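*Asks:*
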Amino acid sequence: CCAIERIYVHESKYDDFVKKAAEIARGYKLGDPTSDETNLGPVVNISSADKIRKQVRDAVKAGAKALVPEDAFPIAKDGTAYVAPQILVDVDHSMDVMKEETFGPVVGIMKVSSDEEALQLMNDSPYGLTASIWTNASENPESEEAFLKICDGLETGTVFLNRCDYLDPALAWTGVKNSGRGVSLSKFGE
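No gaps in the numbering here: position 13 of the sequence shown is 9 in our numbering, and each next residue is one more.
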């Protein structure tokens, strides 16, 4: 539910970020989740795997560029729950991979020129469970101010600074839009 679905990177950091992200994804070991060598297992079922593969194929047909060769993960075949990790660039919000929940090891990365553009794109979703903002806020007051401004404009239930997918039982976890209206965890959760 709170996995990273899409990434927006400022143009000054974009090329280095994409290079590193693709390098990390190419290094995953897809396989049996009970094996010590594996760090990426199957998705929940074959139907989900088919949906994920379709999002990737549709994005590529629409102009996205896939940065991770699927043949590097021979276990990831149609008809199985194993899905090769994928980094997609040259994506846009006309693509399902950037608008719908993927629930798999796939992420689209878009270049942005400003915080305002990133915020507009982040809010351009029917979902609003979590968001993660990465910045040097602890060393730079201007970055902290920018983080707080983005937080104020986000249409999401939970915002993380320099981390993601972290649940703390003491903190309320909630969503907005089609991500729900209730609260879990904390003294407010059910």
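Glycine is no exception: its CB is placed at the ideal position from the N, C-alpha and C atoms. Just so it is clear, the structure is predicted and the values come from calculations on it, not from any experiment.
#1: Assuming A127 is part of the beta strand (DSSP E), what are its boundary residues?
#2: Residue ranges of each alpha helix (DSSP H) run of no fewer than 4 residues wholly in the stretch 87 to 154, ordered along the chain?
#3: Suppose you measure from the CA of Y10 to the CA of K107; what does that come to, to the nearest Å?
#4: Give me the residue from G178, N136, C160 with the minimum Cα distance to I0.
#5: Can you name the residues that DSSP bridges to A62?
#6: Count the other CB atoms, across all protein chains shown, that sit within 10 Å of the CB of I123; report buried if there are 16 or more and exposed otherwise.
#7: In or out: L26 buried (at least 16 other Cβ within 10 Å) or exposed?
#8: Using the Cβ count rule (16 or more neighbours within 10 Å means buried), how would you classify F184?
#9: State the start and end residues of the unbroken beta strand (DSSP E) segment that holds I3.
#10: What's the call for V102, buried or exposed, on a 16-neighbour Cβ count within 10 Å?
#11: Mind reading off the beta-carbon distance from A168 to L181? Whole number of angstroms is fine, and I expect it under 8 Å.
#12: Just to check my reading of the structure: D74 and R53 have Cβ atoms closer than 8 Å, yes? What is that Cβ distance to the nearest angstrom?
#13: With a cut-off of 8 Å, do at least 3 Cβ pairs link the stretch 68 to 83 to the stretch 114 to 131?
#14: Determine the direct distance from the alpha carbon of T152 to that of S139, and round the result to whole angstroms.
#15: How big is the Cα-Cα spacing for E97 and P137?
#16: Between V93 and the ligand HEM, is there a pair consisting of the residue's CB and a ligand heavy atom that are separated by less than 7 Å?
#17: For A68 versus R2, is the C-beta spacing smaller than 8 Å?
*Replies:* A quick look at the data gives this:
#1: Run containing A127: 126 to 129, per the beta strand (DSSP E) assignment.
#2: Runs of the alpha helix (DSSP H) lying entirely within the stretch 87 to 154 and spanning at least 4 residues, in chain order: 92 to 95, 111 to 119, 137 to 149.
#3: Computed Cα separation, rounded: 6 Å.
#4: Among G178, N136, C160, the Cα nearest to that of I0 belongs to C160.
#5: Answer is L84, bridged to A62.
#6: Note on identity: in this sequence residue 123 is Tyr, with Ile being the wrong assignment. The residue is buried, with at least 16 neighbouring Cβ atoms inside 10 Å.
#7: Here L26 is buried. Its C-beta has 16 or more other C-beta atoms within 10 Å.
#8: That one is exposed.
#9: Unbroken beta strand (DSSP E) run through I3: 2 to 6.
#10: By the neighbour-count rule (16 or more Cβ atoms within 10 Å), V102 is buried.
#11: Rounded, the Cβ-Cβ distance is 6 Å, consistent with contact.
#12: That pair is no contact at about 11 Å.
#13: Verdict: no, contact absent.
#14: Each residue's alpha carbon lies about 20 Å from the other.
#15: Straight through space, the alpha carbons of P137 and E97 are spaced by roughly 34 Å.
#16: As presented, the structure is devoid of all ligands, the ligand HEM included, so that no description of it is given.
#17: Not in contact: A68 and R2 (Cβ atoms no closer than 8 Å).
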